[in-house]
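A.B. asks: Each protein sequence line maps, in turn, to chains A and B.
Just so it is clear: in the first sequence, position 72 is 72 by the numbering used here, and no numbers are missing.
Heads up, the numbering used here is the position in the second sequence plus 1000, with the first residue counted as 1.
Glycine included, every Cβ here is placed at the ideal spot set by N, Cα and C.
Here it is: the structure, laid out below.
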Amino acid sequence: EPEVTQTPSHQVTQMGQEVILRCVPISNHLYFYWYRQILGQKVEFLVSFYNNEISEKSEIFDDQFSVERPDGSNFTLKIRSTKLEDSAMYFCASSPAANYGYTFGSGTRLTVV
Amino acid sequence: EDQVTQSPEALRLQEGESSSLNCSYTVSGLRGLFWYRQDPGKGPEFLFTLYSAGEEKEKERLKATLTKKESFLHITAPKPEDSATYLCAVQAKGYNKLIFGAGTRLAVHP
Chain A
1 EPEVTQTPSH QVTQMGQEVI LRCVPISNHL YFYWYRQILG QKVEFLVSFY NNEISEKSEI
61 FDDQFSVERP DGSNFTLKIR STKLEDSAMY FCASSPAANY GYTFGSGTRL TVV
Chain B
1001 EDQVTQSPEA LRLQEGESSS LNCSYTVSGL RGLFWYRQDP GKGPEFLFTL YSAGEEKEKE
1061 RLKATLTKKE SFLHITAPKP EDSATYLCAV QAKGYNKLIF GAGTRLAVHP
């Protein structure tokens, strides 16, 4: 069964450093998403991406965050200057259509120290 | 404000003891309601999408139903491998994002 692949599975970074989280969505999917889950809290929407541009973003997704689809397969989330409160599990997801069930990746656990 | 509330927060069942999980929602216009299963340290795994009141979907021991205000996930004769957190999410018309509830932690004991 097709999978969404995320790397790395765990990243530890110093506060103020830039991090890039990487995702390979399912190949024939058109919609791509990033969500995050702080330990013990709800899964929260960050951003959706369609047709090579951001289609929707949350209040969390401020100027410190950016997304890119640099080639036909990868989808990345960059956090420019990490803060302690950015520590969370970050999930990438993709779907073939906007109101279709997403397929989520296994996540990247980001720890900011 | 669009909102999803799940109950109970946690549920402990004996193997074979059927039960239901509740998802109450308020949304400006429902585009879809989604059920996911999440195992510890993993990403949510898609189970069902429901689009309109009265719709029902089934998969193995799970059955999801939808009304205009809530959805139920019925678990029939659960097994220990059904232990997980079950997440409900709604998508409002005109939006792509999913709004998740806090989940129900299900533990099924032999």
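1. Does DSSP put E1081/B in a helix, a strand or coil?
2. Shortest alpha-carbon distance to C1023/B belongs to which of A1053/B, S1007/B, G1041/B, G1094/B?
3. Is any beta-carbon of chain A found at less than 7 Å from that of N1022/B?
4. Among residues of its own chain, excluding the 5 on either side of R1037/B, which ones have a beta-carbon nearer than 8 Å to its beta-carbon?
5. Who are the neighbours of Q1091/B on chain A, taking C-beta pairs under 9 Å?
6. Which ranges would you report for the beta strand (DSSP E) in the stretch 1030–1069 of chain B if only whole runs of at least 3 residues count?
7. For E59/A, tell me which candidate among V47/A, A97/A, S73/A has the shortest Cα-Cα distance.
8. With distances taken Cα to Cα, identify the nearest neighbour of R109/A among M15/A, M89/A, T76/A.
9. Would you list the one or two residues that DSSP bridges to T103/A?
10. Is there a C-beta anywhere in chain B that falls below 7 Å from the one on K83/A?
11. When the cut-off is 7 Å and only beta carbons count, does G1016/B lie next to chain A?
12. Using three-state DSSP, classify L39/A as helix, strand or coil.
13. Note down, in chain order, each residue of its chain lying with its Cβ closer than 6 Å to the Cβ of K57/A, except the 5 sequence neighbours on either side.
14. Are the CB atoms of V990/B and E1015/B nearer to each other than 7 Å?
15. If we call anything under 7 Å between Cβ atoms a contact, is F65/A one with K1097/B?
16. Secondary structure at E1015/B, three-state DSSP: helix, strand or coil?
17. With distances taken between CB atoms, is the gap from I26/A to P8/A smaller than 7 Å?
18. Per the DSSP calculation, R22/A is bridged to which residue(s)?
19. Alpha carbon to alpha carbon, how far is K1068/B from G105/A? Give it in angstroms, no decimals.
C.D. replies: Taking the definition as stated:
1. The count along the second sequence starts at 1 and reaches residue 1081/B at position 81. In this structure, E1081/B counts as helix in the three-state DSSP scheme.
2. Within the second sequence, numbered from 1, the residue matching residue 1023/B stands at position 23. Nearest of A1053/B, S1007/B, G1041/B, G1094/B to C1023/B, Cα basis: S1007/B.
3. What you label residue 1022/B is simply residue 22 of the second sequence in a count that begins at 1. By this cut-off, N1022/B is not an interface position.
4. Walking along the second sequence from the start, residue 1037/B turns up at place 37. Excluding residues within five positions, the ones whose Cβ falls inside 8 Å are P1044, E1045, L1047, A1084, T1085, Y1086, L1087.
5. Position 91 of the second sequence, counting from 1, holds the residue named residue 1091/B. Near Q1091/B (Cβ distances below 9 Å), the residues of chain A are A98, N99.
6. 1030–1038, 1045–1050, 1056–1059, 1062–1066
7. By 1-based counting over the first sequence, the position of residue 59/A is 59. Here the closest residue by C-alpha is V47/A.
8. On the first sequence, position 109 is the one that residue 109/A refers to. Of the listed residues, the one whose Cα sits closest to R109/A is M89/A.
9. Along the first sequence, one-based indexing puts residue 103/A at 103. Its beta-bridge partners are S94/A.
10. As a first step, residue 83/A must be located in the first sequence, where it is residue number 83. No, no contact with chain B.
11. Here residue 1016/B refers to the residue found at position 16 of the second sequence. Not an interface residue.
12. For the purposes of this step, residue 39/A is taken as residue 39 along the first sequence, with counting starting at 1. Correct three-state label for L39/A: coil.
13. Indexing the first sequence from 1 puts residue 57/A at position 57. Correct list, in chain order: V47.
14. The structure shown has nothing for residue 990/B, since chain B only spans 1001 to 1110.
15. The residue you call residue 65/A lines up with position 65 of the first sequence. The residue you call residue 1097/B lines up with position 97 of the second sequence. Result no, Cβ atoms of F65/A and K1097/B do not sit closer than 7 Å.
16. The count along the second sequence starts at 1 and reaches residue 1015/B at position 15. Coil.
17. The residue you call residue 26/A lines up with position 26 of the first sequence. The residue you call residue 8/A lines up with position 8 of the first sequence. In this structure, P8/A does not lie closer than 7 Å to I26/A by Cβ.
18. As a position in the first sequence, residue 22/A is number 22, starting the count at 1. BP columns for R22/A point to T7/A, T76/A.
19. Translated into the one-based positions of the first sequence, residue 105/A becomes position 105. Translated into the one-based positions of the second sequence, residue 1068/B becomes position 68. Cα to Cα, G105/A sits roughly 31 Å from K1068/B.
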